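Enquirer: Just dropping this structure here.
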């Protein structure tokens, strides 16, 4: 019992998030969306604050099924503020609409699922987190209830079901070999390499769909386009990072020389290249950002591939997660203010100088141009990959950064071209101060992480 | 010691004021030179009273810049200040119609300040600096009328001649400082051994350049292209004296063999330049050659071991030769020329000037009771008392004889011929300056005992020297006056008129080789330039090739890559046709491929890639 209390004490952030989800649900039942929003903000802040003391712990609770380590704590510190920003974005987009409150509740449940994923020390928690995060996400995508949103949500659901089923199928092989669901006991897989490989592919399918890795990404552009922009922003950050951190938790315990690194490296290379190529021809900015976020997932894999052999990999993963959250949410926030078509961004840099500049900086940061956060993070990623002996992968990453510049310049260039703009956009822009807060925060974080990357690195090497 | 600093600072202040105000330059110059003269007199009085005058200024860390007022220095300073005073007085009249008077007086004051610094310098660094500054002012003053033909090249020649000989002073100073460990002149002169020999040789080189000794005598004759006051002050009394002063001051250092060399240089110079003067066709150049000749006599005295005799002759010569130049300047204004042919008979129309000229000339020739007789007497007596009386005595007497001859020749030419009347302005100032110097030249003898007691040395006395000297002077005068210089030279005449150029002189020995080396260097430089240009050209060619490659290969590659990217993007979009079963099939296929890859890479399974 005492052990239980001790374990629960280490899980306060998750518990607070869960309670917040319940409270916001109650608020929605009481038809008081505003209270739900406020309690969501308060709960997320509280959970973030509660996560800070956990920094530095390397332990696991509940018989090793849930891990409190650098990965999971940093996941909380990145995902909770990211959810908060997403919630602000939701408020600015969906305020005073029916069912606004449900969104907050669903955000909470989905984030909870992502946190469970990021901290999972057990295959069952992987499945649980995937489901928890996924179920809430379907509902979020379907929020608009028009045919487009419904189709997107349906597709997402089918996709998730199939991929989740494949994962559980694969995990059953692992269980069959090792006789345990704990990730810490994955060493036993060496007895049955084929089963181990089949299980790993299953896990990759399940987490890969959530993280939208190629070739499991097909749902993402449709879902992002069908959902409200703020929801797309959320989906592009929180569940994705949760799934990627879960993958990292898995590979920590995988036997070293089982070929998984080469496989993941291949997936990373394919993901980056294919996604940027696809992004190059998109006309819809949200779809473009969707492909961009798919490609960025490939960069995450650089860190995961090198996790076992490079000391730089963990810092690189965390810094890139933070940087990616800041710049991606910021970019989505600007898009939420202006419009989802490329045409809507025409002349943005002249109409609204600061917003245009912010958007430019977000996109440059996504490309990886110094001194922004994206550069610092990608620098760490490439360094980690090279240190781990995956120089060719780093080169592919760098080449894809060049390709990505073409993708992002397709947005930036028109922003600074003078052209006639319909007036209604300006009215809409002025109406959403919360979104402005989001992109301003993202901008500050982008610049801060970029400049302070060295300091962050020190912080991570405690 | 404020008086010590005032001597160079007064003319310097005058120069600065002239440069700043550009008004009344003559009066400012006169005022500052008078102040300098007063300071020099004051210093001499103090020194005679037994006071030691020293001044130390912050210079290099272990080498402060020092001024000192030894008796010799005080005396020379007074000579410089006195001649400068009279010459400035004269120049006010001489340059009455000159539009750039302020520049002239600025340079003159600047020169006087530098010269006084040189005289009073107590360490080598300050001496070197002053040495350079007088060279610079000499260059600028010779070139004062730089638009006239030949003036600029004369100035450059003077500068180059003295400048190349200056290397000797630099090296000597370094040698002495290194050998003695002190930059102070008095301390460093206690050096002996090979360092002393070496330094003495180098000092002699420097002195030969500045004092226009053979073979460096050519520049002084060409320097006569400058204004006459400049010739009087710089090129007879002061700047040219710097070489002799250097040797007089360092006489204690010089070993016997260097002393012999010094005397030989002086002796050769006094004879050679005396011969040249006999054949000269220009009054100022004749005086210049005489100057070289007289400094040759001084060098003989130094070489004979009697620097005090050299000092006496230096002082007397300063007054005499300045007076002669000033008179020559008056003649020059009368006839707008200094050529002896044009000056025939000018003595008749300027009787007073001619009288002054004659007095000074006779003093130069060494006729008693004028000052030149006594100083020359001291020199000849010193040669007879020296280790080589025969050699030195003959050289000195030959110099004396030649002096008499060319002086008589000049007097004869100036008197004979038709007088022409011509009004010349500024007579009062010019007359005052000339009169002052003539009086000095005549009466200086009265001060010789005082000078000797001040220098604490009594020159050798010998009746034989007096008789021989007087005989040589008189016979020289008679020869020159009765026969005339041209005929006296005989077969030597064309050679003397060329300045005793040996096989083409400087042109052959220095200028042509130097020019040949310069041309060689230029050719080498051209080759190098072409080589560098070639490197640059090949770089450009390489750049063009690279650019072609860039445009034809890399650009095309990139454009085709971009095109392929777009096509690939479009194809990929084709995969996203929105049909979920289609996409799921792709996903499944992808999963199978990944499984295949994993199995292929897995080492446990057996055909993995070994690390």
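Chains as they are written, first to last, in our numbering: chain A, 9 to 470; chain B, -15 to 595. Just so you know, even glycine gets a beta-carbon here, dropped at the ideal spot from N, CA and C. Predicted model, so just to flag it, every value in this text is computed and none were measured.
#1: Within the same chain, show all residues whose beta-carbon is closer than 6 Å to that of residue 436 of chain A, passing over the 5 residues directly before and after it, in chain order.
#2: Assuming residue 239 of chain B and residue 101 of chain B form a contact by the criterion Cβ under 8 Å, report the distance between their Cβ atoms to the nearest whole angstrom.
#3: Could you pull the DSSP bridge partners for residue 233 of chain A from this structure?
#4: Where residue 541 of chain B and residue 455 of chain A are concerned, what is the direct C-alpha to C-alpha distance, given to the nearest angstrom?
#5: Could you check whether the Cβ of residue 211 of chain A sits closer than 8 Å to any Cβ belonging to chain E?
#6: Taking only beta-carbon positions, decide if residue 411 of chain A is within less than 8 Å of chain B.
#7: Anything in chain B within Cβ reach of residue 399 of chain A, meaning under 8 Å, just list it in chain order.
#8: Reducing DSSP to helix, strand and coil, say where residue 75 of chain A ends up.
#9: Between which residues of its own chain and residue 245 of chain B is the CB-CB distance below 7 Å, once the five residues before and five after are set aside?
#10: Hey, which unbroken runs of the alpha helix (DSSP H) at 4 residues or more fall wholly within the stretch 89 to 143 of chain A?
#11: By Cβ distance, which residues of its chain are closer than 6 Å to residue 85 of chain B, with the 5 residues on each side in sequence left out?
#12: Could you pull the start and end residues of the alpha helix (DSSP H) that residue 383 of chain B belongs to?
#13: Among A:27, A:203 and A:362, whose alpha-carbon lies nearest the alpha-carbon of residue 586 of chain B?
#14: State the Cα-Cα distance for the pair residue 167 of chain A and residue 530 of chain B, rounded to the nearest angstrom.
#15: Given that residue 275 of chain A touches chain B, what residues does it touch there, using C-beta distances under 8 Å?
#16: If we define contact as Cβ-Cβ less than 8 Å, is residue 540 of chain B a contact residue for chain A?
#17: Out of curiosity, what's the CA-to-CA distance linking residue 117 of chain B and residue 378 of chain B?
#18: Threshold first: 3 residues or longer. Then list the beta strand (DSSP E) segments lying entirely within the stretch 75 to 103 of chain B, N to C.
#19: Reducing DSSP to helix, strand and coil, say where residue 22 of chain A ends up.
#20: Is residue 246 of chain A close to chain B? Criterion is C-beta to C-beta, closer than 8 Å.
#21: If we call anything under 8 Å between Cβ atoms a contact, is residue 128 of chain A one with residue 74 of chain A?
#22: CB residue 181 of chain B to CB residue 241 of chain B, shorter than 8 Å?
#23: Pop quiz: residue 296 of chain B and residue 362 of chain B are said to be a contact at Cβ under 8 Å. What is the actual Cβ separation, rounded to whole angstroms?
#24: What separation, rounded to the nearest whole angstrom, lies between the Cα atoms of residue 597 of chain B and residue 524 of chain B?
#25: On the criterion of 16 or more Cβ atoms from any shown chain inside 10 Å, does residue 427 of chain B qualify as buried, or is it exposed?
#26: Could you check the C-alpha separation between residue 434 of chain A and residue 95 of chain A for me, to the nearest Å?
#27: Between residue 299 of chain B and the rest of its own chain, which residues show a CB-CB distance below 6 Å, the 5 nearest in sequence each way excluded?
#28: Taking C-alpha atoms, which residue in B:533, B:584, B:26 and B:501 lies nearest to residue 66 of chain B?
#29: Counting contacts by CB-CB distance shorter than 8 Å, is residue 268 of chain A in contact with chain B?
#30: Check whether the Cβ atoms of residue 401 of chain A and residue 287 of chain A lie closer than 8 Å to each other.
#31: Compare the C-beta of residue 504 of chain A against all C-beta atoms of chain B and say whether one is closer than 8 Å.
#32: In whole angstroms, give me the CA-to-CA distance for residue 316 of chain B and residue 45 of chain B.
#33: Counting only Cβ pairs nearer than 8 Å, list the residues of chain B close to residue 271 of chain A.
#34: Please list, in chain order, all residues of the same chain as residue 98 of chain A whose beta carbon is under 6 Å from its beta carbon, the five residues on each side excluded.
#35: Give me the DSSP bridge partner(s) of residue 38 of chain B.
#36: In this structure, how does DSSP classify residue 435 of chain A when only helix, strand and coil are distinguished?
Expert: Working from what's here:
#1: Residue placement at residue 436 of chain A is poorly supported in this model, since its pLDDT is 49, which falls under 50; the coordinates are not used for a value here.
#2: Not a contact, Cβ separation roughly 29 Å.
#3: None, per the DSSP bridge assignment.
#4: 35 Å
#5: Within the model displayed, chain E is absent; protein chains A and B are what it includes.
#6: yes
#7: Chain B residues near residue 399 of chain A: none, gap ~14 Å exceeds 8 Å.
#8: strand
#9: 188
#10: 108 to 127
#11: 9 and 79
#12: 373 to 399
#13: A:203
#14: 52 Å
#15: 578
#16: no
#17: 37 Å
#18: none
#19: helix
#20: no
#21: yes
#22: yes
#23: 5 Å
#24: Because chain B in this structure spans residues -15 to 595, residue 597 of chain B falls outside the shown range and cannot be described.
#25: exposed
#26: Low confidence applies here, because residue 434 of chain A scores a pLDDT of 49, under 50, leaving its location unreliable; read the following figure in that light. For residue 434 of chain A and residue 95 of chain A, the distance between alpha carbons rounds to 23 Å.
#27: 63
#28: B:26
#29: yes
#30: no
#31: An answer regarding residue 504 of chain A cannot be provided, because it is not within the stretch 9 to 470 covered by chain A.
#32: 51 Å
#33: 578, 581, 582 and 585
#34: 111 and 238
#35: B:52
#36: Note that residue 435 of chain A has pLDDT 45, beneath the 50 cutoff, so the model's placement of it is unreliable and the number below is only indicative. Looking at residue 435 of chain A - three-state DSSP - the assignment turns out to be helix.
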